[in-house]
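Numbering (our numbering), first residue to last: 284 to 562. Beta carbons are placed, not taken as given, at the ideal position from N, Cα and C, and that holds for glycine. First comes the structure, then the notes that go with it.
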Amino acid sequence: MDFRILNNGSFIPSIGYGTYKTGTEGETEQAVANALGVGYRLLDTAAYYGNEEAVAKGIKASGIKRTDIIITTKIWHTDAGYDNTMRAVESSLKKLNTNYIDIMLVHQPLGDYYGSWRAMEELYDQNVLRGLGLSNFYEDRLIDLLYHCNVKPVVNQIECHPFNQRQSLLQLMRKHQVVGMAWSPFTRDRQPIFDHPIIKSLAEKYGVSKHQIILRWHIQQGIIPLPKANNVSHMEANFDVFDFKLTNIDMDVMELLDQRSFLENHHTAPGLERLLQLK
Numbered sequence: 284m285d286f287r288i289l290n291n292g293s294f295i296p297s298i299g300y301g302t303y304k305t306g307t308e309g310e311t312e313q314a315v316a317n318a319l320g321v322g323y324r325l326l327d328t329a330a331y332y333g334n335e336e337a338v339a340k341g342i343k344a345s346g347i348k349r350t351d352i353i354i355t356t357k358i359w360h361t362d363a364g365y366d367n368t369m370r371a372v373e374s375s376l377k378k379l380n381t382n383y384i385d386i387m388l389v390h391q392p393l394g395d396y397y398g399s400w401r402a403m404e405e406l407y408d409q410n411v412l413r414g415l416g417l418s419n420f421y422e423d424r425l426i427d428l429l430y431h432c433n434v435k436p437v438v439n440q441i442e443c444h445p446f447n448q449r450q451s452l453l454q455l456m457r458k459h460q461v462v463g464m465a466w467s468p469f470t471r472d473r474q475p476i477f478d479h480p481i482i483k484s485l486a487e488k489y490g491v492s493k494h495q496i497i498l499r500w501h502i503q504q505g506i507i508p509l510p511k512a513n514n515v516s517h518m519e520a521n522f523d524v525f526d527f528k529l530t531n532i533d534m535d536v537m538e539l540l541d542q543r544s545f546l547e548n549h550h551t552a553p554g555l556e557r558l559l560q561l562k
């Protein structure tokens, strides 16, 4: 497994395991334990997912030391603001059964997220949060926060996949040494991307699965994909992407897939209203 160096000097695996909608508490616990058994050392969760306790149980069941695992979780918009965020972090610490969180992210640029950031900066100085990050921050919100923060975000978790490659945002993030993470690397409706002739032909050329082509594309762009799977064989296949490399020409070919189509466009009024109604 490869690692990325973050702008605070810490290391993070170049692929992680996503836990959104991984099933019941028991199913999530087992999935996390299995993922760690396969070799994943980066686990992504969120308060909104409602599974932080199950993730903690999965870690315990795996027998892997907490210090060998990177946990990312997130502050939901209903917990925005200084005081709310302080309480939310305490809640996540308790549910995750840990005394520190590797990277705490602001889940959406909604509400008083600057108050949240001030609280997170204080907890970063106290070493309770080892890194601070963002999620779903587009160019305008990212630039604004970068110019008004004391502690820079180390990551920005965004929608990124071959159908929505976010090249301008990624270029900005590279400029400011903010690592991208992809919360839906295969898109939500997976079949169209797996049926695409470019993906099919590259999978055949390299003798790997279509999933592996897409994950390898993310990694070679410096993006950390967070694939989700409950089946152990699928976990293993998703993790097995470090023994081949796409050529520069094939990376250029992948750019042809970019449709700039969103699963969740957080800039539109209907999209924002929908998010604000989620509790």
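Could you give the residue range of the alpha helix (DSSP H) that holds residue i?
i	result
S375	Y365 to K378
A314	E308 to V321
L529	Careful: L529 lies outside any alpha helix (DSSP H) and carries neither H nor E.
K458	Q450 to K458
K483	P480 to Y489
Nearest to residue i by CA position, among the options, is which residue?
i	options	result
Y407	D423, V437, D395 and N419	V437
F525	Q503, I347 and N531	Q503
D541	Q448, D423, H517 and Q454	Q448
D533	I497, M464 and N514	I497
N382	L388, V372, V515 and E519	V372
V515	V389, Y323, I441 and D285	Y323
V315	A512, R424 and P445	A512
P445	K458, L425 and H501	H501
K483	M537, I506 and G299	M537
L428	H459, L453 and E442	H459
I441	R457, P468 and H431	P468
V389	E519, Y430, L417 and N380	L417
I298	D351, H517 and I507	I507
T530	E519, Y489 and T307	Y489
M456	R499, G505 and H479	G505
L379	E336, I347 and T307	E336
Y300	R287, L561 and F522	F522
Considering only DSSP beta bridges, list what residue i is partnered with.
i	result
G242	Look at the range of the chain in this structure, 284 to 562, and you will see that residue 242 is not part of it.
D327	G301 and T355
I441	A465
N291	In the DSSP output, where bridge partners are listed per residue, N291 has none listed.
Going by beta carbon distance, what residues of the same chain come within less than 8 angstroms of residue i, once the five residues before and after it are set aside?
i	result
T368	I358, D362, G398, S399, A402 and M403
L539	I481
Check for me: the beta strand (DSSP E) holding residue i runs from which residue to which?
i	result
R287	F286 to I288
P296	F294 to P296
V462	V462 to A465
Here's a check: name, in chain order, each residue in its chain whose Cβ is nearer than 7 angstroms to the Cβ of residue i, leaving out the five neighbours to either side.
i	result
D385	I353, I354, T355, R413 and G414
S451	E422
V491	F527
S293	R413 and G414
Under 8 angstroms between C-beta atoms, does residue i make it to chain C?
i	result
F420	Looking for chain C here will not work: only one protein chain is present.
With a threshold of 6 angstroms on Cβ separation, who are the neighbours of residue i within its own chain once the five nearest residues in sequence on each side are excluded?
i	result
G364	D395 and G398
M284	P296
V434	E404, Y407 and L415
G341	E312, V315 and A316
L376	none
K493	F477, I482 and A486
A344	A316
R424	P392
V461	P436 and N439
Inset, instruction - For the segment 494 to 525, list the alpha helix (DSSP H) runs that are entirely contained and at least 4 residues long, ordered along the chain. - result: The DSSP assignment places complete alpha helix (DSSP H) segments of no fewer than 4 residues inside the segment 494 to 525 at 515 to 522, in order along the chain.
Inset, instruction - Ignoring anything shorter than 3 residues or poking outside the segment 373 to 437, list the beta strand (DSSP E) runs there in chain order. - result: Correct list: 386 to 389 and 415 to 418.
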